[in-house]
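S.K.: Let me begin by handing over the structure; questions about it come next.
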Amino acid sequence: MKTEINSMRRPTLKVADHGLITAYAFGRSVGIRTSGWFKKLAAGGHTPETLTPHPKGGPDQSYLSADDITQFHKRFMTPATMEQKFGQHRKILLGKLRAAVVETFAPNGEDFGPVYLRNEVEEILE
1 MKTEINSMRR PTLKVADHGL ITAYAFGRSV GIRTSGWFKK LAAGGHTPET
51 LTPHPKGGPD QSYLSADDIT QFHKRFMTPA TMEQKFGQHR KILLGKLRAA
101 VVETFAPNGE DFGPVYLRNE VEEILE
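Each residue of the sequence shown is one higher than the one before, starting from 1 at the first, in our numbering.
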């Protein structure tokens with residue numbers, strides 16, 4: 001019977017929810033869907049992250065607390081966050097940045113995707 005089969009299943013371990021979201025979910029919320037981009041940004045020491053143990057014993061997982069998110073937004077902007085703040089389509093905003101020769105955040109030539117330093121973006125777009 002189905003109930004007998006289900007009873008043989010190992011119990012799943014749940015991560016305690018302390019108001020954390022996954023780095024992947026945060027990336028989607030700021031318009032970046034590239035896997036691993038935030039982990040790479042945090043590993044370089046450019047933004048904080050909260051590491052929690054994997055519920056099944058795997059490698060630590062990257063999560064963001066409300067404070068981590070605040071710190072990210074203080075330093076960086078993405079096309080999606082620019083669109084929200086300035087109320088124009090991202091293509092118009094990115095065109096203005098290209099015209100002003102504002103480059104994406106890429107220290108030592110590393111590619112973190114469409115992430116810009118907030119102070120450079122606001123200087124041009126405000």
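Glycine residues also receive a C-beta, built at the ideal position from the N, C-alpha and C atoms. Fair warning: this is a prediction, and the values are worked out from it, not measured in the lab.
Return the residue from the list Phe72, Leu94, Leu41 and Pro59 that minimises the CA-CA distance to asparagine 108.
M.R.: Nearest of Phe72, Leu94, Leu41 and Pro59 to asparagine 108, Cα basis: Leu41.
S.K.: Within this structure, are the beta carbons of tyrosine 63 and leucine 20 separated by less than 8 Å?
M.R.: Yes, they are a contact pair.
S.K.: Select from Gly113, Gly36 and Thr81 the residue whose C-alpha is nearest the C-alpha of glutamine 61.
M.R.: Taking only the C-alpha atoms, the option nearest glutamine 61 is Gly36.
S.K.: As a quick exercise: from Ile124, Pro114 and Gly95, pick the residue whose alpha carbon is nearest that of alanine 80.
M.R.: Among Ile124, Pro114 and Gly95, the Cα nearest to that of alanine 80 belongs to Pro114.
S.K.: Indicate whether glutamine 84 and threonine 47 have their beta-carbon atoms separated by less than 8 Å.
M.R.: It is not a contact, given that the beta carbons lie outside the stated cut-off.
S.K.: Answer with buried or exposed for leucine 93, where buried requires no fewer than 16 other C-beta atoms within 10 angstroms of its C-beta.
M.R.: That one is buried.
S.K.: Roughly how many angstroms separate the alpha carbons of isoleucine 69 and glycine 45, rounded to a whole number?
M.R.: Their backbone Cα atoms lie some 14 Å apart in a straight line.
S.K.: Kindly indicate which residue of Leu117, Val102, Thr34 and Ala99 has the alpha-carbon position closest to the one of histidine 73.
M.R.: Looking at the Cα atoms, Leu117 is the closest of the given residues.
S.K.: Can you give me the C-alpha to C-alpha distance between lysine 56 and threonine 50, rounded to a whole angstrom?
M.R.: Roughly 18 Å between the two C-alpha positions.
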